[in-house]
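Data block below; observations after.
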Amino acid sequence: MNDETSNAIIDAYRNGIVTSTSAFVTFAEPVSALRRIHSENPDLPIGIHLNITEGKSLLPASEIPSLVDKNGNFFSPDQIMSKLPDIKIEDVRKELNAQVKLFLSSEVPLDHINCHHHITALYTPFHIVMREICLQYNVPMRNPVPYSIYKKMNVNKGSGGASAAKEMIVYGLLHPFKSFPMMKVMGPAAFIEQEKINNEAGIKMPDWFIDSFFENASVSDLNSIIMQLPNGISEIMCHPGRAGEVKVLSDPDVKKTLEKSQVRLVKFDTI
117 MNDETSNAII
127 DAYRNGIVTS
137 TSAFVTFAEP
147 VSALRRIHSE
157 NPDLPIGIHL
167 NITEGKSLLP
177 ASEIPSLVDK
187 NGNFFSPDQI
197 MSKLPDIKIE
207 DVRKELNAQV
217 KLFLSSEVPL
227 DHINCHHHIT
237 ALYTPFHIVM
247 REICLQYNVP
257 MRNPVPYSIY
267 KKMNVNKGSG
277 GASAAKEMIV
287 YGLLHPFKSF
297 PMMKVMGPAA
307 FIEQEKINNE
317 AGIKMPDWFI
327 DSFFENASVS
337 DLNSIIMQLP
347 NGISEIMCHP
357 GRAGEVKVLS
367 DPDVKKTLEK
377 SQVRLVKFDT
387 I
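Reading the sequence shown from the start, the letters are residues 117 to 387 in our numbering.
See below:
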């Protein structure tokens, strides 16, 4: 969370098609930033972007030793793959709950939950903690199934491309004997199983998580994605703070495509 990124998100919300955002709380002064953004934009729904793959943890390393290095730094996506079997779920639970409690201390309404690098969905044992948090606070979460796995959406380049997913694939190819035991809790079948469990638990989620705008920040690609949306409620992942995306998300032609395709912009409270 920084001013440049926050301002780009607010611009895309006020002038574009962004309908909600989610915030890190593992960086400098998150509570004051949350309060300021909410006071200036009271209608902007803000969720929490839970993080266990970048920067430092909220809790000291001594409390969550399997989740961080000795200096309290999270393992990056390329580092965490080899450590997944040894990370204790209780350490994940402690850290993620600490992040939620810090967010709530800002008194900004918690709109929804998702996770940095989608790691709590890609490695499904971590998804248990996400489910617990959603049930405890009665908030929606991002659908754990990336729509790109169905291979039903054609874009000019990429196909979702979440960095953690890429790292998992690379790790699996380089270390097949180590990764094989994890296959039952990773991959499309595991994602879909978590979606089913979430639905049975009554957790609110969009019907679809559209990950194909990642690495496809052009008006033509976004228009193509909109025209290929499946029936139901879709969440299109975007990063307005990245160069070029805020212009695409605010382009008048994109709004025209929404109208032509009879796609209505909604928020998580619509679910």
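All C-beta atoms in this analysis are idealised placements derived from N, C-alpha and C, irrespective of residue type, glycine included.
State the DSSP-derived secondary structure class of residue i, mapped to helix, strand or coil.
| i | result |
| --- | --- |
| K172 | strand |
| G276 | Here G276 scores only 44 on pLDDT, less than 50, and its place in the model is too uncertain to base an answer on. |
| N314 | helix |
| V164 | The question names Val, but residue 164 in the sequence shown is Ile. Strand, per DSSP. |
| A139 | strand |
| N189 | strand |
| I125 | helix |
| C387 | Before going on, a small fix: residue 387 reads as Ile here, not Cys. I387 falls in the coil class under three-state DSSP. |
| V184 | strand |
For residue i, does the count of other Cβ atoms within 10 angstroms reach 16, so buried, or fall short, so exposed?
| i | result |
| --- | --- |
| G360 | exposed |
| R258 | buried |
| Q396 | Residue 396 lies beyond the residue range present for the chain, which begins at 117 and ends at 387; the question has no answer from this structure. |
| Y239 | buried |
| G348 | exposed |
| L166 | buried |
| N315 | exposed |
| D305 | The question names Asp, but residue 305 is Ala in the sequence shown. Classification for A305: exposed. |
Can you give the Cα-Cα distance for residue i and residue j, rounded to whole angstroms?
| i | j | result |
| --- | --- | --- |
| S279 | S328 | For S279, the predicted model reports a pLDDT of 48, less than 50, meaning its position is unreliable and no value from the coordinates is stated. |
| D194 | E351 | 26 Å |
| S222 | L175 | 18 Å |
| D185 | L365 | 38 Å |
| M321 | H228 | 9 Å |
message = If we require 4 or more residues per run, which alpha helix (DSSP H) segments fall completely within the region 328-384?
response = If we require 4 residues or more, the alpha helix (DSSP H) runs fully inside the region 328-384 come out as 335-343, 361-365, 368-376.
task = Give, in chain order, every unbroken run of the alpha helix (DSSP H) that is at least 4 residues long and sits entirely within the region 194-243.
result = With a minimum length of 4 residues, the continuous alpha helix (DSSP H) runs that stay inside the region 194-243 are 205-221, 235-238.
message = Under 8 Å: do the region 251-268 and the region 227-243 share three or more Cβ pairs, one atom per stretch?
response = Because the criterion of three Cβ pairs below 8 Å is met, the region 251-268 and the region 227-243 touch.
key: Segments of 4+ residues assigned as alpha helix (DSSP H) that fall wholly inside the region 242-270   = If we require 4 residues or more, the alpha helix (DSSP H) runs fully inside the region 242-270 come out as 243-253.
key: Segment contact, 8 Å Cβ cut-off, at least three pairs: the region 123-139 with the region 178-188   = Result no; under three Cβ-Cβ pairs closer than 8 Å.
ask   = Are at least three pairs of beta-carbons, each pair with one atom in the region 144-162 and one in the region 222-234, less than 8 Å apart?
value = Result yes; three or more Cβ-Cβ pairs closer than 8 Å.
query = Three or more C-beta pairs closer than 8 Å, one from the region 143-157 and one from the region 192-207: is that the case here?
reply = The answer is no - the region 192-207 does not touch the region 143-157, with fewer than three Cβ pairs under 8 Å.
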